[in-house]
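Residue numbers for the sequence shown, in the working numbering: 391 to 620. The C-beta atom is built at its ideal place from N, Cα and C for all residues, glycine as well. Structure, as C-alpha cells:
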Amino acid sequence: MEKLIIESFLTELNDSNMYLVTDRDSQRAILIDPSDADIIRQHMLGRGCSRKAQIEYIILTHEHYDHIAALSEARSLFTGCKVIASRKCSDRIQNPRKNMSKYFDIILAFKDGYDAAKRQGCHIEPYVSEAADIVFESSMCLDWNGHCITLVEAAGHSPGSILIDIDGQHLFCGDSLSYDYETLTKLPGGDGTAYERNTKSMLRSFGGEAIAYPGHGRAFVLAEAAHRLE
Ligand SMILES: [Zn+2]
Numbered sequence: 391m392e393k394l395i396i397e398s399f400l401t402e403l404n405d406s407n408m409y410l411v412t413d414r415d416s417q418r419a420i421l422i423d424p425s426d427a428d429i430i431r432q433h434m435l436g437r438g439c440s441r442k443a444q445i446e447y448i449i450l451t452h453e454h455y456d457h458i459a460a461l462s463e464a465r466s467l468f469t470g471c472k473v474i475a476s477r478k479c480s481d482r483i484q485n486p487r488k489n490m491s492k493y494f495d496i497i498l499a500f501k502d503g504y505d506a507a508k509r510q511g512c513h514i515e516p517y518v519s520e521a522a523d524i525v526f527e528s529s530m531c532l533d534w535n536g537h538c539i540t541l542v543e544a545a546g547h548s549p550g551s552i553l554i555d556i557d558g559q560h561l562f563c564g565d566s567l568s569y570d571y572e573t574l575t576k577l578p579g580g581d582g583t584a585y586e587r588n589t590k591s592m593l594r595s596f597g598g599e600a601i602a603y604p605g606h607g608r609a610f611v612l613a614e615a616a617h618r619l620e
C-alpha cells in the first residue's frame, strides 16, 4: 500500500493547487502552498477530520500570492508547525510587491477566462507574511517519518522557487512545471535563462516515472511533460 496519501485541493484564487501530504503510518502531514483558509478549515480542521493538528510542516514552492494567501492563517491554526522555504522565498513573502499581492487584482483581470462577475468586489489587499521558520540556500534534505524529502532551488519562474522531491517518487513543482501551462518566466524576478539552463535540466534529471504535482493544472507522470522540457 502506498505509504503517502497525497490530497490536492483546487483553490478559487487563480485556480492554484494546495496539497496535503500525509504519512499513512504516523498520520502526520505536510501542507504545501496554503492558499485557501476556507478549504483548510473545512478539510483539515473540520469535525471528525482525522488529520486535525497533525500538520508538522508547511512548505512553500515559491513566494507568489496565489500560493501563500492563507499562510498566516494556517500558521495560527496549526500552532507548532514549522514553515520551510528557500531564503529568497522567505524574504519575498514579507514584501507585497515581491509576493505580487500588490498587483494581483491586475494579474487576475488580464488572465484568460477571468470571471469578472465572480470576483466583483473581491479586492486583494497587499499581503505581508512573516518570515519562514526554516530557510535554506541551494538545497536541503529533510528526514520525515522515514521519508526522504529534498528541497532544491529552481530559479526561473521566480527567485524563491523550489522543487520538492519526496522519495524520488513525488515531485511538487510549484509553477516551475505544468502539463497544462507553459512555465511563466516573464513576471518580475523571473529568469528565462536560468530556467532554460538550470531548472529544465534538473527536471529532466528526475525519473520520468515520478508523479509531478504542479501549482496549476492536473498532476501528471513526469515523462508526459517531456514536450515542456525540450
Ligand atoms: Zn507563481
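- Counting only the Cα atoms, Q432 lies some 22 Å from S519.
- If you ignore the 5 residues before and after A602, its C-beta comes within less than 7 Å of the C-beta of L561, C563, L567, A609, F610, L612, A615, all in its own chain and listed in chain order.
- Secondary structure within the region 530 to 583: the beta strand (DSSP E) runs of 3 or more consecutive residues, fully enclosed, are 537 to 543, 552 to 556, 560 to 564 (chain order).
- Of all C-beta pairs linking the region 470 to 477 to the region 489 to 497, fewer than three are shorter than 8 Å, placing the two stretches out of contact.
- Burial check for F500: the Cβ neighbour count within 10 Å stays below 16, so the residue is exposed.
- The Cβ atoms of H606 and D413 do not sit closer than 8 Å to each other.
- Annotation: E397 to I556 spans about 14 Å, alpha carbon to alpha carbon.
- Excluding sequence positions up to five before and after L421, its CB lies within less than 7 Å of the CB of L410, I445, I448, A464, all in the same chain and listed in chain order.
- Burial check for E527: the Cβ neighbour count within 10 Å stays below 16, so the residue is exposed.
- Shown here, N404 sits in a helix according to DSSP, grouped into three states.
- Using a 10 angstroms sphere on the CB of K478, the tally of other CB atoms reaches 16 or more, which defines it as buried.
- Classified as buried, K590 has 16 or more neighbouring CB atoms from the shown chains inside 10 Å of its CB.
- Relative to the Cα of I552, the nearest Cα in the group T573, D581, A475 belongs to A475.
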